[in-house]
Amino acid sequence: MLIDSHCHINFPELADQADLLMAQMRQNHVSHALCVAVNLPELPSVLDMAERYANVFASVGVHPDYEDTPEPSVAQLVALAQHPRVIAIGETGLDYYRLQGDLQWQRERFRTHIRAARECGKPLIIHTRSAAEDTLRIMREENAQECGGVMHCFTETWEVAQAALELGFYISFSGIVTFKNATQIKQVAQNMPLSQMLVETDSPYLAPVPFRGKLNHPALVKHVAEHIADLRGQSFAEIAAATTDNFFRLFQAARAAA
Ligand code: NI
Numbered sequence: 004m005l006i007d008s009h010c011h012i013n014f015p016e017l018a019d020q021a022d023l024l025m026a027q028m029r030q031n032h033v034s035h036a037l038c039v040a041v042n043l044p045e046l047p048s049v050l051d052m053a054e055r056y057a058n059v060f061a062s063v064g065v066h067p068d069y070e071d072t073p074e075p076s077v078a079q080l081v082a083l084a085q086h087p088r089v090i091a092i093g094e095t096g097l098d099y100y101r102l103q104g105d106l107q108w109q110r111e112r113f114r115t116h117i118r119a120a121r122e123c124g125k126p127l128i129i130h131t132r133s134a135a136e137d138t139l140r141i142m143r144e145e146n147a148q149e150c151g152g153v154m155h156c157f158t159e160t161w162e163v164a165q166a167a168l169e170l171g172f173y174i175s176f177s178g179i180v181t182f183k184n185a186t187q188i189k190q191v192a193q194n195m196p197l198s199q200m201l202v203e204t205d206s207p208y209l210a211p212v213p214f215r216g217k218l219n220h221p222a223l224v225k226h227v228a229e230h231i232a233d234l235r236g237q238s239f240a241e242i243a244a245a246t247t248d249n250f251f252r253l254f255q256a257a258r259a260a261a
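Okay, so the sequence shown: first residue is 4 according to our numbering, each after it adds one.
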């Protein structure tokens, strides 16, 4: 069994084929998927997926790439996280690649999410791009290690990976790890402890090789795990079992909701 720890099957590219996606997951032994929220207006479509399908979980959060969107408060995130299918807070974090200028609002929003996660005891889903130093600094300042979480779609250096691992965070790999030029990411996947690893698709984007450039979906997480197994010289079964165990260890609420 394998779990897609991060997908956006509520996005228009995928939402109307959800039944088909579930069938493809079953065929490929992908038992569960975490459908990750990116803003508040679209949260109902995330919750709807998790209510319709017993093997789909949800998160609550506002992605750093959404500037012109309702800003969540700590209390609001905590209240929304009480929904029985919500197992995590995010995705949240910092992105200095997609957006430039004064991004103080991004840092404030990130702090809000960490505070909410600590208050409700649910782990964080963290997105970081071209902002690793500030991401780690804010994680430390806000005691993010108290709620823990995952650095999703990891694309940073081994040093950043080590710092996150030391804070008790998990690291999740997307299809990017299968790309030929992703040398640095492959190294992290090779060297890090398997006990803190997750796998994901981040679908509908970032389809793994041999589907690169095509529409991504949760069943394709198999190709991410297969590639990591090759890199590490371990069996696919070992990677699948470990990342599945890790998922349920990190997202405690998923056990009750599974
Ligand atoms: Ni995402």
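Idealized CB from N, CA, C, for every residue including glycine.
- Bridge pairing for A91: S62 [DSSP].
- Secondary structure at D7: strand, using DSSP grouped into helix, strand and coil.
- Only residues of its own chain outside the window of five on either side were considered, and among them L50, A53, E54, F60, A61 and A260 have a CB closer than 7 Å to the CB of R88, listed in chain order.
- The region 18 to 26 makes no contact with the region 224 to 243; the number of CB pairs closer than 8 Å stays below 3.
- Relative to the Cα of A244, the nearest Cα in the group R112, E229, L234 and A256 belongs to E229.
- Bounds of the alpha helix (DSSP H) holding C123 are Q107 to C123.
- Comparing alpha-carbon positions, the option among R235, K189, A82 and V41 lying closest to H66 turns out to be V41.
- In the three-state reduction of the DSSP assignment, M154 falls in the strand class.
- When secondary structure is reduced to three states using DSSP, S206 falls in the coil class, being assigned neither helix nor strand.
- Pairing A257 with N194, the inter-Cα distance amounts to about 28 Å.
- Annotated three-state conformation of S34 is strand, per DSSP.
- For G96, the pairing in a beta bridge is given by DSSP as H130.
- The C-beta of G151 has 16 or more other C-beta atoms within 10 Å across all chains shown, which makes the residue buried.
- Taken atom to atom, the span from the alpha-carbon of L106 to that of D233 is near 39 Å.
- Cβ atoms of H155 and H130 come within 8 Å of each other, at about 6 Å.
- Comparing C-alpha distances from H9 to each of C38, P15, R29 and L17 shows the shortest one belongs to C38.
- In chain order, V212 place their CB closer than 8 Å to the CB of K183, counting only its own chain and leaving out the 5 sequence neighbours on each side.
- In the assembly as shown, M4 is an exposed residue. Its beta-carbon has fewer than 16 other beta-carbons within 10 Å.
- Counting along the chain, no beta strand (DSSP E) covers F182, and no H or E run does either.
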